[in-house]
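The block underneath contains the structure these notes are about, expressed in structure tokens.
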Amino acid sequence: MATSLESTNVVKPDILRNAIGNVLSLFILLLIGILAFSIRLFSVIKYESVIHEFDPYFNYRVTQFLIKNGIYDFWNWFDDRTWYPLGRVIGGTVYPGLTLTAGSLWRIFNSLNIPLSVETVCVFTAPIFSAFASWAAYLLTKEVKGTGAGLTAAILLAMVPSYISRSVAGSYDNEAVAIFALIFTFYLYLKTLNTGSLFYATLNSLSYFYMVCSWGGYTFIINLIPMHVLLCIATGRYSSRLYIAYAPFVVLGTLLASLVPVVGFNAVMTSEHFASFLVFIIIHVVALVYHIKGILSPKMFKVAVTLVVSIGMVVCFAVIAVLIALVASSPTKGWSGRSLSLLDPTYASKYIPIIASVSEHQPPTWPSYFMDINVLAFLVPAGIIACFLPITDASSFVVLYIVTSVYFSGVMVRLMLVFAPAACIMSGIALSEAFDVLTRSIKFQLADILGDSHSGVGDAASNSRNGVVQNDVSKVNKQSVGDKNEDTSKERPSRKNRKKEKENMEKVSIKSRIEKRLLVLPFETSIIAVFLLVLLGGFYVIHCVWAAAEAYSAPSIVLTSHSHDGLHVFDDFREAYAWLSHNTEVDDKVASWWDYGYQTTAMANRTVIVDNNTWNNTHIATVGTAMSSPEKAGWEIFNSLDVKYVLVVFGGLVGYPSDDINKFLWMVRIGGGVFPHIKEPDYLRDGQYRIDAQATPTMLNSLMYKLSYFRFVETDGKGYDRVRRTEIGKKHFKLTHFEEVFTTHHWMVRIYKLKSPKNRIRGKSKKSKSTPKASSSTSSKRASTGKRNPWH
Amino acid sequence: MAKISIFLTVLSLIPLLCTSFSPENPTDRRILVLLDDLALKSSHSIFFNSLQSRGFVLDFKLASDPKINLQRYGQYLYDALILFSPSIKQFGGSLDVAAVLDFVDSGHDLIVAADTSASDLIREIATECGVDFDEDSAAIVIDHTSYAVSESDGDHTLIASDYFIQSDAPVLFKGIGHTLNAANSLVLEVLSASPSAYSSNPESKLSSPPSLTGSAISLVSVVQGRNNARVLISGSLDLFSNRFFQSEVQKARSTTKYDKSGNEQFVTELSKWVFHERGHLKAVDVRHHKVGETAEPAMYRITDDIEYLVEIYEWSGSSWVPYVSDDVQIQFYMMSPYVLKNLSTDNKGLYSTSFKVPDVYGVFQFKIEYQRLGYTSLSLSKQIPVRPFRHNEYERFIPTAFPYYGASFSTVYGGILRFHDCVPVQQVDVGKLTLLRELEDTSTFPEKF
């Protein structure tokens, strides 16, 4: 009687508690989504609703094209306004996921009679998807460690600065949707692994397809999942669930991936994908072995194993030898440059300057970790430990995820973005476990204290100390392990191994129950620890909001600076692009360093020679060579490319550090990589890059120097460069083949026009011999009219 | 009613009137003549009269006239300029070297005549056009072998030259020589000195070898700028004079005596060329389309067969006549010509060809760079993008892939078969097994008996 009453007492509040918990977590998730969305709106509030930076402008332009012309024209789009005269097959070289997503969003809104501009949709795509990403993180972490950890991970991810940096409103880039796709794919993989359901396996492949559509980072998935499968097999955790999670994923995923035009045959041809096929073979061998083991007697099995292993080894060696020979015959060993620089961080700087030249391909500095993930850096180790207590398939996957992503983030600062979700998940687990332990011990001792002082008051107090502990423990079990048990029992069809698994779980839960009983901390310590953890969380929130508001919201197309006399806004880029679009012919070609290519095509609608899609190294090297050459040689190169205008970015007047002079050495390097007459040492004085009087003549005569510093001395009379903090080396010079047509308000963008070839070829002038009076008079006269006459 | 009909007829005449004032007449109309001395007007009257009789409007001014104005409100008042003022030190009015050069650079024509007393101003204009007069200001071209026999002159500075031209009679020349830069492709010498000529001061003794000798000395040169502006530079003003036009010529050591020098013919033909009465081409109506179509597409696909047409006419001095030649070439160009082909002509001015777009996509140009001596250069380029195949323009089934099609279809078929037979096979198996047992039973049955 007493036991039955107690059981009903326990069960009824549990159902209620579950219901309340579910509603609560739904509500919390909604709030997390709103938080993730709204923390990314600082850029819109502080600046305006604009597309940021460089690549997003291209994506924006592509989206406009998609919406205007439909999906088939987008797929077959041959763009003749970039990479003149080569053109670019946009449909076949772009990851269409982001564009299609935004296009569909726009279409949905329009069909609901919500007339949004394409730009608005593009600006807000990233915040919307970061809300999705935090929900996906919740799902993923829930698969690993339950709801509490899931919610914590979701809230951490919603405002991790690293992710904010790539997904503020206006940052309309592939990563914005790809991170969601990445996490969601991992979630579905774990879900399949936990349930063994073919339904989730298929969903997983579809989610992988979306990821392949969205970002080149899909290779991380196609390598991480095989690694995990291999790990599971190696540690003897092979199960049919693992097989179901992996085999359909590889087959369907590869088929789907090869449907994306930009990937195409790469899905089966490049080394990035080989790991998945190798593991695919291995898992089949292992499955076969397990199957045979079940059929044969142990003795027969041993014989079979020796037989198969000896034959199999020979075959394997033969196949591997052929494979290695094939792979080795290709110059890059079948790896793309970016992937190679991941494996060998020094590869790019040695061989491919164009990859090394991109700032986001540089290795990060230590402070950037504290900037980008802040306190998570301290919580991650705790999370890893928590994942080992006890280790499951899912938690081992998360551990593998964080280990690999830490490595990759150390190679390339851009991949901090892949690391951040892992860090959030780990920290979520750590925080949730810590709170679990601490609150339990507080509750345990609180009940003790309460029970001592006010006996007979309240439900809990009436129970004995033992009962409370049991109740508590059972609740904890329900939350952490039992939850999963319920999930699995609900969703997994009755299978042979289910029972075994459940037994396993039971064993684990009993073990943890014993452990948990021991894990009771002193009351004061717990209180202080909880307080400290909350404080830590508070610091994290403050840091994240600061990062979102101050550090990562600048659109980089509009710059601001605070000085003693107030806020300065530098809107020079848009000024220059607007000038181009209003004052030049539609078919005119504008040459600039590739950084500004996307913006020029999107904002000025003019044909460019090179842009941020660095697919043709030779073409970029040609532009680099032109910029590094003397004026005449540069003019000849540009003229041969039908260039009408040359655009340079110059920060010397206002102190804008990422201008073309600071990027100039990369132009020299990239140019010299293809055209050996450009030699980097010619531009360096004793290994130092300088533009002052000590600079080398090659440097001072280069086209880039001349275009940047033309008439610069007229600004302050000295030619003091605020970025390099020095006076420039050559102050007074004239341009013979270029004429300045536009310089923006703060001199940040300067546009030059190529003079057309002279109408007449001058004779050999021997003016010095002829009477000086006449020549001087004419030259002075010409100087007065000089600006108009293009020949002098 | 009558008014309206008149109005309508006038209205219908407007297009006709418009065509009569066609801007497409490349010949110059208004010419400014700057003289050192108004006496030149009469001493060179044959030349000027011939110009006027050809329809040119001449505006004579002293070079030092303070009211000289080449342009007003940004519009040039003249189409051409004749500088018969070799000794002028500085032009009057707003004219200076830069203004003259601007005038040429904006596509107008120029005749410059220097003389023994050529000023630095004239020399500089010539230098800017690519002609270097002898630096020695007192130097004159002297030729002791091909001089013209004359009664007064004993220093052999009056030269009868027939180099470089086909003329009935030699051309008389007296003045300074110049040189051309061999690398200069825009300038062309039309009258050169004989190999025995040299340039020096006839008054003084020759102390050192003269700097200009032989046929390196040019006497008259023409320049055609990249914008087709034409310039004639002569080292002699007398070349244009009535005296030279009408004088008899007898070359030294030659028995043939010509009643009239070749000057008039020479100068007339040259002035026709300079003022765009001759050798002026125009290309109109550039079209291209796919073979079998007429509409001009915005973009071609690789391996399209296309047709290119252009009409080229030559100005005859009064009307456009078809230009006939077989060496007009079309380039289909992207960084380098992918297709280079001669255009065929129908002798009525229409040039056409057809070719296959190369199997390379990119932004191509139809380019015609036609530069022939004596003609204005034709430089046409028309940009056209060439795209790759669309996704549905590839062949659907290719023979080499048939094994794969076969494999996939057989797999599908096998799959269907297996799916179809899956359940019954097992049932049959069970049935068979039971049957077998029964058979066993039955077979063993008799032995018991």
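Line by line, the protein sequences give chains E and X.
With the UniProt record's numbering, letter number 488 in the first sequence gets 488, and the count goes up by one each step, no holes.
With the UniProt record's numbering, letter number 411 in the second sequence gets 411, and the count goes up by one each step, no holes.
Positions of the beta carbon are idealized from the N, C-alpha and C atoms, including for glycine.
Quiz item: Counting along the chain, where does the beta strand (DSSP E) carrying tyrosine 752 of chain E start and finish?
Solution: Residues 749 to 754.
Quiz item: Three or more beta-carbon pairs under 8 angstroms between the region 37 to 52 of chain E and the region 113 to 130 of chain E, yes or no?
Solution: Yes: at least three Cβ pairs fall under 8 angstroms.
Quiz item: Apart from the five residues just before and just after leucine 16 of chain E, which ones in its own chain have a Cβ nearer than 6 angstroms to its Cβ?
Solution: Within the same chain, leucine 16 of chain E has no close Cβ partners at all.
Quiz item: To the nearest angstrom, how far is it from the Cα of proline 322 of chain X to the Cα of lysine 348 of chain X?
Solution: Rounded to whole angstroms, proline 322 of chain X and lysine 348 of chain X show a C-alpha spacing of 5 angstroms.
Quiz prompt | CB-CB length for glutamate 307 of chain X against serine 352 of chain X, believed under 8 angstroms | solution = The Cβ separation is near 7 angstroms, so the contact holds.
Quiz item: Does any CB atom of chain X fall closer than 7 angstroms to the CB of leucine 256 of chain E?
Solution: False, the Cβ-Cβ gap to chain X never drops below 7 angstroms.
Exercise. Taking isoleucine 142 of chain X as part of the beta strand (DSSP E), name the residues at either end of that continuous run.
Key: DSSP places isoleucine 142 of chain X in the uninterrupted beta strand (DSSP E) bounded by 140 to 143.
Quiz item: By a C-beta neighbour count over all protein chains shown, 10 Å radius and 16 as the cutoff for buried, is arginine 30 of chain X buried or exposed?
Solution: The residue in question, arginine 30 of chain X, is exposed, as its Cβ has fewer than 16 Cβ neighbours within 10 Å.
Practice problem: Report yes if the CB atom of aspartate 105 of chain X is closer than 7 angstroms to the CB atom of asparagine 639 of chain E, and no otherwise. | Solution: With a cutoff of 7 angstroms on beta-carbon distance, aspartate 105 of chain X and asparagine 639 of chain E are scored as not near each other.
Practice problem: Let me know if glutamate 175 of chain E comes out buried or exposed under the rule of 16 or more other beta-carbons within 10 Å of its beta-carbon. | Solution: Buried.
Quiz item: Hey, quick one: how far does the alpha helix (DSSP H) through leucine 376 of chain E stretch, first residue to last?
Solution: 376 to 387 is the span of the alpha helix (DSSP H), which, as asked, contains leucine 376 of chain E.
Quiz item: What are the uninterrupted segments assigned as beta strand (DSSP E) that are 3 or more residues long and contained completely in the region 88 to 156 of chain X, given in chain order?
Solution: Uninterrupted beta strand (DSSP E) stretches at least 3 residues long and entirely within the region 88 to 156 of chain X occur at 109 to 113, 131 to 133 and 140 to 143, given in chain order.
Practice problem: Would you identify the three-state DSSP class for arginine 685 of chain E, choosing helix, strand or coil? | Solution: DSSP, read as helix, strand or coil, puts arginine 685 of chain E in strand.
Quiz item: For valine 386 of chain X versus isoleucine 302 of chain X, is the C-beta spacing smaller than 7 angstroms?
Solution: Taking 7 angstroms as the Cβ cut-off, valine 386 of chain X and isoleucine 302 of chain X qualify as a contacting pair.
Exercise. Report the partner residues of glutamine 250 of chain X according to the DSSP bridge assignment.
Key: Here glutamine 250 of chain X is bridged, per DSSP, to X/Lys257.
Self-check item: histidine 289 of chain X (DSSP reduced to helix, strand or coil)
Solution: Three-state result, histidine 289 of chain X: strand.
Quiz prompt | For isoleucine 295 of chain E and valine 303 of chain E, the rounded distance between their alpha carbons | solution = Their Cα atoms are separated by approximately 14 angstroms.
Self-check item: Boundaries (first-last residue) of the beta strand (DSSP E) holding serine 221 of chain X
Solution: Looking at the DSSP string, the run of the beta strand (DSSP E) that includes serine 221 of chain X is 218 to 224.
Quiz item: Helix, strand or coil: how does DSSP classify serine 768 of chain E here?
Solution: With a pLDDT of only 41 at serine 768 of chain E, under the threshold of 50, the placement of this residue in the model should not be trusted, and no figure is reported.
Quiz item: Which residues in the same chain have their Cβ closer than 6 angstroms to the Cβ of valine 33 of chain X, if we skip the five residues on either side of it in sequence?
Solution: Cβ within range, chain order: Leu58, Phe60 and Ile82.
Quiz item: Can you find a C-beta in chain E that's less than 7 angstroms from the C-beta of leucine 186 of chain X?
Solution: Interface residue, yes.
Exercise. For residue 805 of chain E, decide whether its Cβ has a neighbour in chain X, counting only Cβ atoms nearer than 7 angstroms.
Key: Residue 805 of chain E lies beyond the residue range present for chain E, which begins at 1 and ends at 792; the question has no answer from this structure.
Quiz item: Which residue's Cα is closest to the Cα of aspartate 238 of chain X: X/Asp28, X/Lys41, X/Asn25 and X/Val97?
Solution: Per the Cα distances, X/Lys41.
Quiz prompt | Three-way DSSP call (helix, strand, coil) for alanine 460 of chain E in this model | solution = In this prediction, alanine 460 of chain E has a pLDDT of 39, which is less than 50 and means its spatial position is unreliable; nothing more can be read from the coordinates.
Exercise. Run the CB neighbour count on cysteine 424 of chain E, radius 10 Å, all protein chains shown included, and call it buried at 16 or more, exposed below.
Key: It counts as buried.
Quiz prompt | Rounded C-alpha distance that separates asparagine 201 of chain X from valine 274 of chain X | solution = If you take the alpha carbons of asparagine 201 of chain X and valine 274 of chain X, they lie about 31 angstroms apart.
Quiz item: Would you report the Cα separation of histidine 543 of chain E and isoleucine 442 of chain E, rounded to the nearest angstrom?
Solution: If I take the Cα positions, the gap works out to 29 angstroms.
Quiz item: From leucine 431 of chain E to tyrosine 138 of chain E, what distance separates their C-alpha atoms?
Solution: Taking the straight line from one Cα to the other gives about 14 angstroms.
Quiz item: Once you ignore the five residues that flank arginine 669 of chain E on each side, which residues in its own chain have a CB closer than 7 angstroms to its CB?
Solution: Excluding sequence neighbours, arginine 669 of chain E sits near Pro353 and Glu680.
Quiz item: Roughly how many angstroms lie between the CA atoms of arginine 287 of chain X and phenylalanine 389 of chain X, to the nearest whole one?
Solution: Rounded to whole angstroms, arginine 287 of chain X to phenylalanine 389 of chain X spans 24 angstroms at the Cα level.
Quiz item: Between the region 54 to 86 of chain E and chain X, which residues of the former have CB atoms less than 7 angstroms from a CB of the latter, in chain order?
Solution: Only Trp75, Asn76, Phe78, Asp80, Tyr84, Pro85 and Leu86 from the region 54 to 86 of chain E bring a Cβ to less than 7 angstroms from some Cβ of chain X.
Quiz item: Does lysine 764 of chain E come within less than 7 angstroms of chain B when only Cβ atoms are used?
Solution: No chain B is part of this structure, whose protein chains are labelled E and X.
Practice problem: Taking 8 angstroms as the threshold, find out whether the region 193 to 210 of chain X comes into contact with the region 262 to 277 of chain X through three or more Cβ pairs. | Solution: Contact between the region 193 to 210 of chain X and the region 262 to 277 of chain X is not established, with fewer than three Cβ pairs separated by less than 8 angstroms.
Quiz prompt | lysine 475 of chain E (DSSP reduced to helix, strand or coil) | solution = Note that lysine 475 of chain E scores 44 on pLDDT, short of 50, meaning its location in the model is unreliable; the coordinates nonetheless yield the value given after this. Here lysine 475 of chain E sits in helix by DSSP.
Practice problem: Between the Cα of arginine 278 of chain X and those of X/Glu124, X/Trp315 and X/Leu35, spot the shortest distance and give me the residue it belongs to. | Solution: Closest option to arginine 278 of chain X, judged by alpha-carbon separation, among X/Glu124, X/Trp315 and X/Leu35: X/Trp315.
Quiz item: Where does serine 526 of chain E land, buried or exposed, given buried means 16+ other C-beta within 10 angstroms?
Solution: Answer is buried; the Cβ neighbour count reaches 16.
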